[in-house]
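To convert a position in the sequence shown, counted from 1, into full-length UniProt numbering, add 3. Each residue gets a CB set at the ideal place from its N, CA and C atoms; glycine is no exception. Keep in mind the model is a prediction, meaning the values are calculated, not measured. Input: a single structure, listed below in structure tokens.
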Amino acid sequence: LQHIFSLSLVLAALVCKGQNPIIQTKFTADPAPLVYHDTVFLYTSHDEDDAPPGQGKFLMRNWLCYTSTDMVNWTDHGEVASLKNFKWADKAITGWGGFDNGAWAPQVIERNGKFYMYCPVQGRGIGVLVADHPYGPFKDPIGSPLIGAKYDSIDPTVFIDDDGQAYLYWGNPNLWYAKLNKDMISLAGEITKDSSIAKHTGQPDPFHYQEGPWAYKRNGHYYMAYASTCCPEGIGYAMSKSPLGPWEYKGYIMKPNKLSTGNHPGIIDYKGKSYVFGFNYRLNFMQTDKHHERRSVCVAEITYNADGTIAEQPWWQE
Ligand code: FUB
């Protein structure tokens, strides 16, 4: 068993025949898929093998990249960025375990041939990195956080509307947003707190936004998927007629499951099908019955109804 879980081993390619979790050689979370040309670039956060037991005890230092052209075989490109990319993040981070847990959920987007990676450094804010290639090397062009720490600054998601306006959203427990300039590394306006997706009140409520937003536009509808309810977290989503909301809750894409305290959606269309990525804790629980923050990225096909709503999916097929 120890051999199977020798997760420091870097495999050039992983073949898993459509089985979840799709990445089985490292613990990965917070999937951020990017379709570029004919390839899916899957950026993830990285739970270290030696994350200590206990919920919320993250040990996260870098961001990884995988690629696929068939959604079954995933090639491991290793680390594409790390906390070391951000000079401003070199001081000790307070809360949630210190500096080593800081490399949380990223997203990468392409614009005019450049790749922009939005990275939360937990406790310090959201930074942005730029590269000429999807594999990097990524560099920090501004030398300071794009979004300061005071705005619930984790879990960035970014999309560019048809008119060229880019939007950055993020946050736990609130959803925040700001317009980006065309350079993608500066804000085009004020930082605003969304008031239509509200944090739960402690009552059982399947509707509430928790964290992990994933913004996109499809067939004229604006979508905000997110980790919904806590905990465990499922994947819920809201729709809007505008990128600025108001957001109307539409349901679960996937209901919470007691085997997974967290979740974090990433949604794409690829080669005529639609997919939701997220994660579970299956590999961790195969190794030990103790809860560690050692998560594993999963994917499921989704289908859209004629009105743009999304059909609910069962828990990850394993
Ligand atoms: O991976 C660290 C945090 O856990 C993310 O920022 C959240 O979305 C949750 O997945």
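Output the distance between the C-alpha atoms of residue i and residue j, rounded to the nearest integer angstrom.
i: residue 292; j: residue 313; result: 34 Å
i: residue 216; j: residue 161; result: 9 Å
i: residue 257; j: residue 282; result: 11 Å
i: residue 91; j: residue 307; result: 42 Å
i: residue 127; j: residue 121; result: 13 Å
i: residue 98; j: residue 32; result: With a pLDDT of only 45 at residue 98, under 50, the local geometry of the prediction cannot be trusted, and the value read off the model is given with reservation. Rounded to the nearest angstrom, the two C-alpha atoms are 20 Å apart.
i: residue 271; j: residue 164; result: 15 Å
i: residue 194; j: residue 289; result: 43 Å
i: residue 322; j: residue 309; result: Not covered by the structure: residue 322. The range shown for the chain is 4 to 321.
i: residue 221; j: residue 43; result: 18 Å
i: residue 38; j: residue 268; result: 15 Å
i: residue 295; j: residue 284; result: 8 Å
i: residue 51; j: residue 211; result: 30 Å
i: residue 56; j: residue 177; result: 28 Å
i: residue 232; j: residue 199; result: 16 Å
i: residue 321; j: residue 262; result: 13 Å
i: residue 171; j: residue 179; result: 8 Å
i: residue 316; j: residue 242; result: 18 Å
i: residue 305; j: residue 276; result: 8 Å
i: residue 325; j: residue 146; result: Any property of residue 325 remains undetermined from this structure, which presents the chain solely from 4 to 321.
i: residue 151; j: residue 34; result: 23 Å
Contact defined as beta carbons within less than 8 Å: I believe residue i pairs with residue j. What is the distance between those atoms, to the nearest angstrom?
i: residue 301; j: residue 23; result: 4 Å
i: residue 53; j: residue 45; result: Not really, about 24 Å apart at Cβ, beyond 8 Å.
i: residue 118; j: residue 286; result: Rounded, the Cβ-Cβ distance is 29 Å, inconsistent with contact.
i: residue 156; j: residue 108; result: No, residue 156 and residue 108 are not in contact; Cβ-Cβ is about 11 Å, not under 8 Å.
i: residue 141; j: residue 184; result: Their Cβ separation, rounded to whole angstroms, is 19 Å, which puts residue 141 and residue 184 out of contact at 8 Å.
Figure out for me which residue from the options has the closest Cα to the Cα of residue i.
i: residue 319; options: 259, 297, 295, 272; result: 259
i: residue 138; options: 68, 231, 279, 248; result: 68
i: residue 84; options: 71, 111, 59, 238; result: 111
i: residue 65; options: 114, 135, 277, 105; result: 105
i: residue 173; options: 167, 124, 147; result: 124
i: residue 60; options: 228, 297, 168, 25; result: 297
i: residue 253; options: 264, 245, 238; result: 238
i: residue 274; options: 28, 41, 37; result: 41
i: residue 189; options: 154, 131, 211, 153; result: 131
i: residue 234; options: 266, 38, 50; result: 266
i: residue 186; options: 169, 277, 88, 264; result: 169
i: residue 135; options: 249, 181, 115, 147; result: 115
i: residue 224; options: 246, 129, 236; result: 246
i: residue 78; options: 280, 28, 113; result: 28
i: residue 251; options: 264, 263, 262, 228; result: 228
i: residue 113; options: 72, 86, 167, 74; result: 167
i: residue 86; options: 148, 304, 72, 316; result: 148
i: residue 159; options: 153, 34, 146, 129; result: 129
i: residue 153; options: 255, 182, 196, 133; result: 196
What is the DSSP secondary structure of residue i, counted as helix, strand or coil?
i: residue 92; result: helix
i: residue 127; result: coil
i: residue 308; result: coil
i: residue 87; result: helix
i: residue 286; result: helix
i: residue 115; result: coil
i: residue 104; result: helix
i: residue 64; result: coil
i: residue 198; result: coil
i: residue 276; result: strand
i: residue 271; result: strand
i: residue 162; result: strand
i: residue 188; result: coil
i: residue 261; result: coil
i: residue 227; result: strand
i: residue 172; result: strand
i: residue 76; result: strand
i: residue 144; result: coil
i: residue 154; result: coil
i: residue 24; result: coil
i: residue 58; result: coil
i: residue 318; result: coil
i: residue 245; result: coil
Quick check on residue i - is its C-beta less than 8 Å from some C-beta in chain D?
i: residue 76; result: Annotation note: the requested chain D is absent from the structure, which comprises a single protein chain.
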